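Visitor: This is the structure, below, for whatever I ask next.
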Amino acid sequence: MFTRINITGKVYWIGVNDRKKHLFENIWPLPDGVAYNSYIIVDEKTAIVDTIESFGAGTSYLHRIEQHLEGRPLNYLIINHMELDHSGEVKTIIEKYPDVKIIGNSTTFKILAAYFGITENLLNTSEIGDTLDLGYHKLKFVMTPWIHWPETMMTYDTTDNILFSADAFGSFGTLDGGIFDDEINFEAYYEDNMRRYFSNIVGKYCNMTQKALKKLDGVPVNYICSTHGPVWRKNPEKVIELYDKWSCYEAESGVAIMYASMYGNTEAMADYIARRIAEEGIKEIRIFDVSKTHISYLISEIWKYKAVILGSCAYNGEMYPLMEQFCREMEHMSVKNKLLGLFGSYSWSGGGVKNLLKFAENIGWEQVADAIEVYGIPTDEKYTQCDALAKAMAGKLK
Ligand code: FEO
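Quick note: the sequence shown, position 146, residue 150 per the working numbering, numbers continuous.
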């Protein structure tokens, strides 16, 4: 039976859940799937805000659009973000509604031409003036580049204070019945998914997220309609606060210990250091083997905890390859404001700790104690150095 999911006023959710895809952007695991949120405004003029990924749901998506429009034309297709998880059904919509005006900015249209060859019926936001008047709803367009691509913008309805925020305030995880923030258990299911989404997808652009949040400062927002994850209508301040906190690198007082170990000596040091930190009274400690835990989750833990302790055995004169990949990603993302500890094993020719130290210098995190390197099994002397690292780290966190 056809049912409408009304956000408020004349705005409806017409998104879909993707439980088929294993990897978002062919890299980030999706054990809980992902939702592609799309919205339709059935006003005196009609509009869709962002489409969905093309993954086989296009026919039912189009059918739902037809049901909402009840034979009326579609006047506008607003593209806040061109990444393919939101522009996947643009062509389908144009084929069905050839007169639809596509609203975007100059960069949107460059990408639209490059990916889809679409160059007609374009309406640049710069030509619209102050607002696009749909009747009841009146829309403004705000550039928010690099959240997550250069063309990204947000659409703001001044009538009901609805922010169509594109990827900002998004989350991994499908919408399993509950769509609105007051219909879900956010802490139990979405918060980790949201932090992982933020850190993996938007984390490189923290400064741009801060710029966008400053543009929102003082603007009344009653509804946040992101392209992924829940729609916020009860407590939109909560998700704004979370994105603000994460984009400032504000983290919990805890430690993520990440190690790479072939024969167990680096792992033994990780366990020892963690135990000593626990004895100092720190309760939030998590240990990860980089060979087992996907980098997507490691990145998310970096955003969760203030302190990071990295351990690597040497491998062919370098860091262990998976630790090297992780460190390179941290540098690429320019993650800031962390406390750092380092340890590792010389293996047969060194290179693990030496390159961790180079990483520390490049990234500029505060190293709380000397790095510890063992040759073979850790000696009592080396464990004493681990004590010093644990004590220094706990002292910084208390
Ligand atoms: Fe959800 Fe950047 O696309």
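Idealized CB from N, CA, C, for every residue including glycine. The structure presented is a predicted model; accordingly, all values stated were derived computationally and were not measured.
On a CA-only basis, which of Gly268, Met266, Gly258, Val294 is nearest Ala278? Give me that one, please.
Guide: For the purposes of this step, residue 278 is identified with residue 274 of the sequence shown, where counting begins at 1. Cα-wise, what sits closest to Ala278 is Gly258.
Visitor: Closer than 7 Å to a non-hydrogen atom of the ligand FEO - does that hold for the CB of Glu328?
Guide: Working through the sequence shown from its first residue, we reach residue 328 at position 324. It does not: the Cβ of Glu328 is nowhere closer than 7 Å to a heavy atom of the ligand FEO.
Visitor: What did DSSP end up calling Gly62 once you bin it into helix, strand or coil?
Guide: Within the sequence shown, the letter at position 58 stands for residue 62. Gly62 falls in the helix class under three-state DSSP.
Visitor: Need the endpoints of the beta strand (DSSP E) that Leu314 sits in, please.
Guide: Position 310 of the sequence shown, counting from 1, holds the residue named residue 314. Here the beta strand (DSSP E) through Leu314 covers 309-319.
Visitor: If I measure Cβ to Cβ from Tyr276 and keep anything under 7 Å in the same chain, skipping five residues before and after, which residues do I get?
Guide: In the sequence shown, residue 276 corresponds to position 272, counting from 1. Contacts found: Tyr387, Cys390.
Visitor: Rounded to the nearest angstrom, what separates Thr148 and Thr156 at their Cα positions?
Guide: For the purposes of this step, residue 148 is identified with residue 144 of the sequence shown, where counting begins at 1. For the purposes of this step, residue 156 is identified with residue 152 of the sequence shown, where counting begins at 1. Distance between the alpha carbons of Thr148 and Thr156: 6 Å.
Visitor: The alpha helix (DSSP H) with Trp250 in it runs from where to where?
Guide: Translated into the one-based positions of the sequence shown, residue 250 becomes position 246. Where Trp250 is concerned, the enclosing alpha helix (DSSP H) stretches over 240-251.
Visitor: Between Phe59 and the rest of its own chain, which residues show a CB-CB distance below 8 Å, the 5 nearest in sequence each way excluded?
Guide: Counted from its first residue, the sequence shown places residue 59 at position 55. Only Asp22, Lys24, Lys25, Gly92 meet the Cβ criterion.
Visitor: What three-state label does DSSP hand Ser349 in the structure shown?
Guide: What you label residue 349 is simply residue 345 of the sequence shown in a count that begins at 1. Looking at Ser349 - three-state DSSP - the assignment turns out to be strand.
Visitor: For the ligand FEO, enumerate in chain order all residues having a CB closer than 7 Å to any of its heavy atoms.
Guide: Any residue whose Cβ sits closer than 7 Å to a heavy atom of the ligand FEO makes the list: His85, Glu87, Asp89, His90, His152, Trp153, Asp171, Gly174, Ile205, Thr231, His232.
Visitor: So the candidates are Ile188, Ile82, Gly75, Thr135; which of them puts its Cα closest to the Cα of Ala170?
Guide: Reading the sequence shown from its first residue, position 166 is the one you call residue 170. The candidate whose alpha carbon is nearest that of Ala170 is Ile82.
Visitor: Which stretch, first to last residue, makes up the beta strand (DSSP E) that contains Phe6?
Guide: Numbered from its first residue, the sequence shown carries residue 6 at position 2. Neither: Phe6 is in no beta strand (DSSP E) and is coded neither H nor E.
Visitor: Do Ser295 and Ala318 have their C-beta atoms within less than 8 Å of each other?
Guide: As a first step, residue 295 is located in the sequence shown; it is residue number 291 there, counting from the start. As a first step, residue 318 is located in the sequence shown; it is residue number 314 there, counting from the start. No. Outside cutoff.
Visitor: Quick one: what's got a C-beta closer than 7 Å to Val225's C-beta in the same chain, skipping five residues either side?
Guide: One-based indexing of the sequence shown puts residue 225 at position 221. Cβ neighbours of Val225 beyond the five flanking positions: Asn165, Leu167, Pro240.
Visitor: Taking 8 Å as the threshold (C-beta atoms), are Arg280 and Ala394 in contact?
Guide: Position 390 of the sequence shown holds residue 394. Position 276 of the sequence shown holds residue 280. In this structure, Arg280 lies closer than 8 Å to Ala394 by Cβ.
Visitor: Do the stretch 62-73 and the stretch 117-135 make contact, defined as three or more Cβ pairs closer than 8 Å?
Guide: Output reads no: the stretch 117-135 does not touch the stretch 62-73.
Visitor: Within 10 angstroms of the Cβ of Ile261, are there 16 or more other Cβ atoms? Answer buried if so, exposed if not.
Guide: Position 257 of the sequence shown, counted from the first residue, corresponds to residue 261. By the neighbour-count rule (16 or more Cβ atoms within 10 Å), Ile261 is buried.
Visitor: Are Tyr309 and Ala274 close, meaning C-beta to C-beta below 8 Å?
Guide: Along the sequence shown, one-based indexing puts residue 309 at 305. Along the sequence shown, one-based indexing puts residue 274 at 270. It is not a contact, given that the beta carbons lie outside the stated cut-off.
Visitor: Taking the alpha-carbon of Lys249 as reference, which of Thr111, Trp307, Thr63, Leu346 has the nearest alpha-carbon?
Guide: Counting from one through the sequence shown, the residue named residue 249 turns up at place 245. Comparing Cα positions, the closest option is Trp307.
Visitor: Residues in the same chain with beta-carbon distance under 6 Å from Met327, minus the five sequence neighbours each way, listed in chain order, please.
Guide: Your numbering for residue 327 matches position 323 in the sequence shown. For Met327, where only same-chain residues beyond five positions count, the Cβ hits under 6 Å are Ala264, Val294, Ser316.
Visitor: Going by DSSP in three states, Ser91 sits in which element: helix, strand or coil?
Guide: The residue given as residue 91 occupies position 87 in the sequence shown. Ser91 falls in the helix class under three-state DSSP.
Visitor: Sorted by chain position, which residues of the same chain lie with C-beta nearer than 6 Å to Trp150's C-beta, five sequence neighbours on each side aside?
Guide: Here residue 150 is taken as the residue at index 146 of the sequence shown, counted from 1. Closer than 6 Å at Cβ, skipping near neighbours: Tyr209, Met212.
Visitor: Quick check on this structure: which residue in Val312, Ile107, Val46, Thr270 has the alpha carbon closest to the alpha carbon of Arg290?
Guide: As a first step, residue 290 is located in the sequence shown; it is residue number 286 there, counting from the start. Among Val312, Ile107, Val46, Thr270, the Cα nearest to that of Arg290 belongs to Val312.
Visitor: May I ask you to report which of helix, strand or coil DSSP gives Glu191?
Guide: Stepping through the sequence shown from its first residue, residue 191 is reached at position 187. Helix.
Visitor: In angstroms, rounded to a whole number, what distance separates the CA positions of Ser338 and Lys287?
Guide: Stepping through the sequence shown from its first residue, residue 338 is reached at position 334. Stepping through the sequence shown from its first residue, residue 287 is reached at position 283. Looking at the two C-alpha atoms, the distance is approximately 28 Å.
Visitor: On the three-state DSSP scale, how would you describe Glu365?
Guide: For the purposes of this step, residue 365 is identified with residue 361 of the sequence shown, where counting begins at 1. Here Glu365 sits in helix by DSSP.
Visitor: Between which two residues does the alpha helix (DSSP H) carrying Thr148 extend?
Guide: Here the question's residue 148 lines up with position 144 in the sequence shown. No alpha helix (DSSP H) contains Thr148, which DSSP labels as neither H nor E.
Visitor: With DSSP collapsed to three states, give me the class of Ile376.
Guide: To locate residue 376, count along the sequence shown from 1; it is residue 372. Three-state result, Ile376: strand.
Visitor: Give the range of the alpha helix (DSSP H) segment to which Gly399 is assigned.
Guide: Your numbering for residue 399 matches position 395 in the sequence shown. Residues 384-401.
Visitor: Can you tell me the Cα-Cα spacing of Glu245 and Val206, whole angstroms?
Guide: The sequence position of residue 245 within the sequence shown is 241, counting from 1. The sequence position of residue 206 within the sequence shown is 202, counting from 1. Cα to Cα, Glu245 sits roughly 15 Å from Val206.
Visitor: So, with DSSP's three-state summary, where would you put Thr442?
Guide: Residue coverage of the chain in this structure runs from 5 to 402, which leaves residue 442 outside it and unanswerable.
Visitor: Of all the beta strand (DSSP E) runs that stay within the bounds of the stretch 246-305, which reach a length of 3 or more residues?
Guide: Counting whole runs of 3 or more residues, the stretch 246-305 contains the beta strand (DSSP E) stretches 256-264, 289-293.
Visitor: Below 8 Å on the Cβ atoms is my contact criterion, and I expect Gly13 with Thr163 to pass it. Report the Cβ-Cβ distance as a whole number of Å.
Guide: On the sequence shown, position 9 is the one that residue 13 refers to. On the sequence shown, position 159 is the one that residue 163 refers to. Indeed they touch by this definition, with Cβ atoms about 6 Å apart.
Visitor: Since Asn128 and Val104 are thought to touch, with beta carbons under 8 Å apart, how far apart are those beta carbons, to the nearest angstrom?
Guide: Along the sequence shown, read from residue 1 onward, the residue named residue 128 stands at position 124. Along the sequence shown, read from residue 1 onward, the residue named residue 104 stands at position 100. Between Val104 and Asn128 the Cβ distance is about 15 Å, and since that is not below 8 Å, they are no contact.
Visitor: Would you report the Cα separation of Gln371 and Gly356, rounded to the nearest angstrom?
Guide: Here the question's residue 371 lines up with position 367 in the sequence shown. Here the question's residue 356 lines up with position 352 in the sequence shown. Going by the C-alpha atoms only, they are around 16 Å apart.
Visitor: For His141, does the count of other Cβ atoms within 10 angstroms reach 16, so buried, or fall short, so exposed?
Guide: As a working note, residue 141 is residue 137 in the sequence shown. With 16 or more Cβ atoms within 10 Å of its Cβ, His141 is classed as buried.
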